[in-house]
Amino acid sequence: METGTPARGDAAFGALLDAADVGAALLNAQGELVAANAVLQRLVGRRGLTVVEALRCAELASSAQPPWRHALAGEPSAVEVNVGTREDPLWLHACAEPVHDDEGRSIGVLVTFHPSARAPGEISPDEYLALVTHDLRHPLNNIYMRAQLLERELREVGDQHACEAISKICQNVQRMDAMIKELIDIHRAEGGTLKLQREAVDLCELARQTMQAILPPRLFEESTVRGDEPVWIEGDRRRLERVFANLLSNAAKFSNGLGPIRVDVRVSSTGDALASVSDSGPGIDQEALPHLFEKFFRARRSEDAFVGHGLGLYGSRKIVEAHGGHIWAESNGRGATFHLLLPGVIAPPERKSA
């Protein structure tokens, strides 16, 4: 992390900055850099600049005040800034918000940055989506970071009940952030620009970890992951985790949390990975099965009302197809099973010696 003059509490703030997945910087009341995370350092490092140099370039290159100057005056602000030079520009979308102490006094500014490939007024649909989703995620990041700070303080005073409430806030912020990421992936997949970050993934372990994170404790204890263990593929871990999260969330929802959920992971006869998620809910109407993975389609589970926004399974299908795989569902009137076939089972990666 790049840092300037430290102040009380900056260490905790710095740890939270590094946890953010967008470029972020903390400035003091004089507009001087206190801390900047690794994401922002990588962004400006492409021009051979430090964060301090990049912020100075933004102030010199703009006829208007950069957003952090407005935020220092108590006004949240968001605008495109050039943190490069006129000859070699680097446009970033910057959002700045005042930081206050316990007595409500402004003591600095939190600034988040998102790449913007073009100057203002020259923006493509993909870039527009990136900016809009960044503006949606900016307040979420602030809520998450501030909630984590509050949780740390509450743990120090031993207020466990309040800590649990803050933890719920953080979980819901993460859910909202995941939904925004899903919208971005759907847009990119439809435009053929979705890029997978492939690595060796054990589907059995990924399913088990996702199950533990998604399901309520009692339902998790009753549910199982079984099959050929381990089953390794070359895949995008984060996106495959989202597929399992969607399927497990649906299974828990339609089981009303009452019946166990079963996940089977096996190597198929063709040498591909086959994972199945089964629930003990009321089942799916037969006429709905061919349409489950269509955009905005919302299934009715037997006598239940329509539920969901119609994008979770569609997004899962897009992710599986980007891996060269296939996803489908079966239901015989009692419970439902969702299958995903992912090609190319690989040998377990070699363990690195200590």
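The opening position of the sequence shown corresponds to residue 835 in our numbering, with each subsequent residue numbered one higher.
Glycine is no exception: its CB is placed at the ideal position from the N, C-alpha and C atoms.
Query	Result
DSSP bridge partner residues for VAL1059 (one or two, in chain order)	VAL1097
Identity of the residue in ARG881, ALA928, VAL885, LEU924 nearest TRP902 by Cα	ALA928
Beta-carbon gap between ALA1170 and ASP1098 smaller than 8 angstroms	no
Local conformation of ALA1086 per DSSP, three classes	helix
Residue closest to LEU1017, alpha-carbon to alpha-carbon, out of ASP852, LEU1145, GLU866	LEU1145
Presumed contact (8 angstroms Cβ cut-off) between SER940 and PRO949, rounded CB distance	That belief does not hold up - the Cβ atoms of SER940 and PRO949 are roughly 28 angstroms apart, past 8 angstroms.
Nearest to HIS1173 (by Cα), restricted to the options ARG1032, LEU1147, PRO1183	LEU1147
Cβ-based burial, SER911 [other Cβ within 10 Å; buried from 16]	buried
Sheet register partners of TRP1066 (DSSP bridge)	ASP1036, ILE1180
ASN976 beta carbon less than 8 angstroms from that of LEU944	yes
Proximal residues to TYR978 (C-beta, below 7 angstroms), its chain only, five neighbours per side dropped	CYS1004, VAL1007
C-beta atoms of VAL878 and VAL868 nearer than 8 angstroms	no
HIS995 versus LEU988 - alpha carbon distance	9 angstroms
Spatial distance of PRO1050 from THR1044 (CA atoms)	12 angstroms
Pick from ASP1070, GLY1178, GLU1056, SER1001 that is closest to ALA1086, judged by C-alpha positions	GLU1056
According to DSSP, residues forming a beta bridge with LEU867	LEU861
Span of the beta strand (DSSP E), counted from its first residue to its last, around GLY942	940–949
Distance CB(ALA1041)-CB(ILE1180) smaller than 8 angstroms	no
Reduced DSSP category for THR884 - H, G, I as helix; E, B as strand; rest coil	coil
Whether ARG1022 touches ASP1070 by CB criterion (8 angstroms)	no
C-beta contact flag for ALA858 and LEU874 at 8 angstroms	yes
Integer-rounded CB distance, given that SER1083 should sit under 8 angstroms from ILE1048	6 angstroms
Contact set for GLY1159: own chain, Cβ-Cβ below 7 angstroms, skip 5 residues either direction	LEU1174, LEU1175, LEU1176, PRO1177
Those residues which DSSP pairs with CYS929 across a bridge	ALA912, THR946
Whole-angstrom distance between ALA1012 and HIS934, CA atom to CA atom	28 angstroms
Outcome for PRO900 when other beta-carbon atoms lying within 10 angstroms are tallied against a minimum of 16	buried
GLY918 to GLY882 span [Cα, whole Å]	9 angstroms
Closest by C-alpha distance to ARG971, when choosing among HIS1125, ALA854, GLU998, ARG986	ALA854
Close beta carbons around MET1010, own chain, < 8 angstroms, minus the five adjacent residues each side	LEU974
Selection from HIS904, THR1027, ALA1122 that minimises the alpha carbon distance to LEU861	HIS904
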